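K.L.:
One structure, as C-alpha cells, below. Some questions next.
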Amino acid sequence: MKEYIKELFSGYVRIKVIGSYTELFINRCIEYNIPIWDISRVDNETILLSLYTTDIKRIRPHLKRTRCKIRINERKGFPFIFKKIVYSRGFLSGVISCILLILILSNMVWSITVNGATPEVEHKLKQVAEELGVKKGAFIFQLPSNQELQQEMTESLKEITWVGVKRSGSTYHFEVVQKQLPEKQPALNARHIVADKKAIITKIYVEEGQVQVKENDYVKPGQLLISGFIGKEEKSELVPARGEVYGKTWYITNVSIPLKSTFETNTGERETKYAVGFFGFHLPIWGFSKPEFPRYETIISETNLRFLKWEIPLSFQTKALLETKEVTREYTEKEALQAASQVSREDIISKTSEKAEIKEEKILHHEVENGKVNVKIHYEIIEEIGKDIPIIQGD
Amino acid sequence: MAKWKHNLKSWLTRRLELPADAVMDLPRITMVGQLHIYIENHQGVLKFSNEEVRLLLKNGQLVIKGEDFMLKTILPEEILLEGKIEHVSYLDKPQN
C-alpha cells in the first residue's frame, strides 16, 4: 500500500489522459521515473491517474510522444487547500482583523492592582486613577506617563506618602506607601517652654506647668515662659510643660520690584497634533496645518504600541502646541508698592507658623532706582513664640 | 547459446537453492484473495482496462482478468493492482 501522507503534503493532481496509446504513456512515465498512482480507466481512450503537481511539466514531452492530451480533473493535498484558504477573502480579512484586534487589545488597560493600601485608600486611589484616565478599557497611549501619574496621584491623595506606578503589559500596578498618621502622644519627657524670639507676650494659655511671665512682658530668646517644675520648692515635681504663648514680634523685609518686566504666559489656546511613529520616523495623522499662533511651546508625549508582550517599533505621538504670549507688565509706583507688600507678606507667612497673624504693616521707606522699587516694610505679627526644651537633670 | 545459458541458470537454481525469480528474471506474484495482486519483475504494461490487464514479461505475457481494476502503484519493476481478480494466466512468447 502507498503512504498517502507525502502526497497530501506535496500536493497532487488527478488528471485525465486521453489518447489511443495510454498504456504507452504509463510505461514511459515508469521509464522516466515519474511517479504515478491510482490509475483507473474511464473509457477506451481515457485513463485517470494521480501525479505530483511538480511533475506536470515533466510529463509534457511524453504526452507529445504518445499523442495524449491531459485534462486536470482535481487538485488535491494541503498546498491547494492552503492556497484556497489564503486566497479566499474571508480568511484573509479574518487574519488581518484578528491581528488588529490583538493589537488594539494589547494597548488597553485590562486591570489595575493596588498594593499596600487599606481598602478605603485603595478605593480613593482608584477613583483618582479613574479621573486621570486609568481605567479598564482605556488606551494606554492616551494616558499620561507613569511619572506624571505618580506625581499627580501622590499630590492628590493626602493619605499617601508615595505611590509607585508601574505598568507591565496591560496591567497597572500601584505600590502605595501610606502615611502613618502619628497618634497624638503626650510628651513623655519633662520639659520647659522657652521663648524662641524676642517678643511682647500677648496671650498665655497653659495646660500644664507653671507660668513664669505675664502678658505685655518683653521676653528675649531663651527666656523661660512655662516651667516644667510645679509645686512648692520641697515637693517640686517635674512635668512636661504644655501650653501656647503668643507674642508680638517684628520683622523687617526688603523687597525690590522691577517696574517693568516681561515674561511669557500661556494664553490657553492650544492645538493638538497626532502622529504615528515608525522606527523613529513620524507620520502625522491629524493636525497638518501650521498653528495659527506665532509663538508657542511644544509638549510631546510618545507611547510605544505593543503587540502582546512585545514592544513594536510603532509609536503614537501626541504633540500639544500651547500658544504663548509675551506679556510686558508695567507698574506705577503705587502698584509696585502693593506688589511688594504682597510679596513680603507671602514671605513672612512662609517664615512663621500658620497661626501667625499680621497685626500691622508699615512701609518704612521706598526708593526708585534703576527701574526697580526697593521697599523696606516693617511688620508686627502675633505668633506663637514658645519652644520646647527638655529638662536635663544635672545631678 | 541462449538456451545453454538458460539451462545453466535453472541448473544453478536447483543446485544452489537460489530463489528462481532473482536468478531467472521470473515474475513474483503475490495475491491477497481476489482483492490485490502484486507483481514484481514485470517489463511494462501492454494493456490496461477495467476488465483486463496485460503485462509484459521476460518471456511472454501475464494476463489478469477481473472487474473494476485500478493500478494502485506502479514502479519500474512492481505493480499493485486492485479490483476483483478472477483469472491470472501466462501467455508464452511465440517461439521463432
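Here the protein sequences come in this chain order: A and B. Per my numbering, the first sequence starts with residue 1448, numbered consecutively. Per my numbering, the second sequence starts with residue 3, numbered consecutively. The C-beta atom is built at its ideal place from N, Cα and C for all residues, glycine as well. Remember, it's a predicted structure, so these values are computed and weren't measured experimentally.
#1: Which full runs of the alpha helix (DSSP H) of 4+ residues lie inside the region 1642-1669 of chain A, going along the chain?
#2: Name the residues in the region 1456-1484 of chain A whose C-beta lies less than 9 Å from a C-beta of chain B; which are they?
#3: A:SER1487 CB to nearest chain B CB: under 8 Å?
#4: Helix or strand or just coil, what does DSSP make of A:GLN1468?
#5: Using the three-state DSSP reduction, which class does A:PRO1731 fall into: helix, strand or coil?
#6: Using DSSP with H/G/I as helix, E/B as strand and the rest coil, what is A:ASP1842?
#7: By Cβ distance, which residues of its chain are closer than 7 Å to A:GLU1599, with the 5 residues on each side in sequence left out?
#8: Please specify which runs of the beta strand (DSSP E), each continuous and at least 3 residues long, are wholly inside the region 1780-1830 of chain A, giving them in chain order.
#9: Using CA atoms only, rank isn't needed, just tell me which of A:HIS1812, A:GLU1804, A:ALA1767 and A:VAL1822 is closest to A:PRO1591.
#10: Hey, is A:THR1799 close to the ligand COA, as in C-beta under 7 Å from one of its heavy atoms?
#11: Spatial neighbours of B:LYS67 within its chain, please: CB distance less than 7 Å, with the 5 preceding and 5 following residues excluded, ordered by chain position.
#12: DSSP three-state call for B:PRO78: helix, strand or coil?
#13: How about B:ASN52: is its C-beta nearer than 8 Å to some C-beta of chain A?
#14: Using DSSP with H/G/I as helix, E/B as strand and the rest coil, what is B:MET26?
#15: What is the residue span of the alpha helix (DSSP H) that A:HIS1570 lies within?
#16: Please list the partners that B:VAL47 has in chain A, where partner means a Cβ-to-Cβ separation under 7 Å.
#17: Rounded to whole angstroms, what's the CA-CA distance from A:LYS1436 to A:PHE1726? Just pull it up for me.
#18: Please check if any C-beta of chain B sits within less than 8 Å of the C-beta of A:LEU1550.
#19: Express the C-alpha separation of A:LEU1539 and A:ILE1481 in angstroms, rounding to a whole number.
#20: Which residues in chain C have a C-beta closer than 8 Å to the C-beta of B:PRO78? List them in chain order.
#21: Is the shortest distance between the beta-carbon of B:LYS11 and the beta-carbons of chain A less than 8 Å?
#22: Between which two residues does the alpha helix (DSSP H) carrying A:TRP1557 extend?
#23: In angstroms, rounded to a whole number, what distance separates the CA positions of A:ASP1842 and A:ALA1688?
#24: If you reduce the DSSP assignment to three classes, tell me which class A:VAL1686 lands in.
#25: Run through DSSP, which three-state label would A:PHE1740 get?
#26: List the whole-angstrom C-beta distance separating A:TYR1778 from A:TRP1697, where the pair is believed to meet the contact cut-off of C-beta under 8 Å.
#27: Okay, do the region 1603-1613 of chain A and the region 1564-1571 of chain A touch, 3+ Cβ pairs below 8 Å being the bar?
#28: Rank A:ASP1794, A:VAL1653 and A:GLU1749 by C-alpha distance to the C-alpha of A:ILE1587 and give the top, closest one.
#29: What first and last residue would you give for the beta strand (DSSP E) that runs through B:LEU18?
#30: Please give the ranges of any beta strand (DSSP E) in the region 30-93 of chain B, keeping only runs that are unbroken, at least 3 residues long and fully inside the region.
#31: Using the three-state DSSP reduction, which class does A:PHE1456 fall into: helix, strand or coil?
#32: Only counting runs of 4 or more residues, tell me where the alpha helix (DSSP H) segments fall wholly within the region 1506-1546 of chain A, in order along the chain.
#33: Got a sec? Which residues, its chain only, sit under 7 Å from A:GLN1659 by beta carbon, not counting five neighbours each side?
#34: Taking CB distances under 8 Å as the criterion, tell me whether B:MET26 reaches chain A.
#35: Can you look up A:GLN1589 in the DSSP assignment and give me helix, strand or coil?
#36: Does any C-beta atom of chain A lie closer than 8 Å to the C-beta of B:THR32?
P.N.:
Answer, in terms of the structure:
#1: none
#2: THR1469, GLU1470, LEU1471, ILE1473, ASN1474, CYS1476, ILE1477, GLU1478, ASN1480, PRO1482, ILE1483 and TRP1484
#3: yes
#4: Note that residue 1468 of chain A is Tyr in the sequence shown, not Gln. Here A:TYR1468 sits in coil by DSSP.
#5: strand
#6: Interpretation of A:ASP1842 is limited by its pLDDT of 48, a score under 50 that renders its predicted location unreliable; the figure taken from the coordinates is listed afterwards. Residue state, collapsed to three classes: coil.
#7: LEU1579
#8: 1804-1816
#9: A:ALA1767
#10: This structure does not include the ligand COA; it has no bound ligands of any sort.
#11: GLU53, GLU54, GLU88 and HIS89
#12: coil
#13: yes
#14: helix
#15: 1566-1578
#16: GLU1470, ILE1473 and ASN1474
#17: This structure does not reach residue 1436 of chain A, given that chain A is present from 1448 up to 1842, and the question cannot be answered.
#18: no
#19: Between A:ILE1481 and A:LEU1539, the C-alpha separation is close to 36 Å.
#20: Protein chains A and B are contained in the structure displayed, whereas chain C is not.
#21: no
#22: A:TRP1557 -> no alpha helix (DSSP H), and no H or E assigned at all.
#23: Model confidence at A:ASP1842 stands at a pLDDT of 48, short of 50, so the residue's coordinates are unreliable; what they give is reported in the following sentence. Roughly 21 Å between the two C-alpha positions.
#24: coil
#25: A:PHE1740: coil per DSSP, three-state reduction.
#26: The Cβ separation is near 27 Å, so there is no contact.
#27: Contact holds: three or more Cβ-Cβ distances are below 8 Å.
#28: A:GLU1749
#29: Not the beta strand (DSSP E): B:LEU18 falls in the alpha helix (DSSP H), residues 4-18.
#30: 30-34, 38-42, 47-50, 54-59, 62-77 and 80-93
#31: In the structure shown, A:PHE1456 falls within a helical segment according to DSSP collapsed to helix, strand and coil.
#32: 1525-1534
#33: LEU1671, LEU1672, ILE1673 and SER1674
#34: no
#35: helix
#36: no
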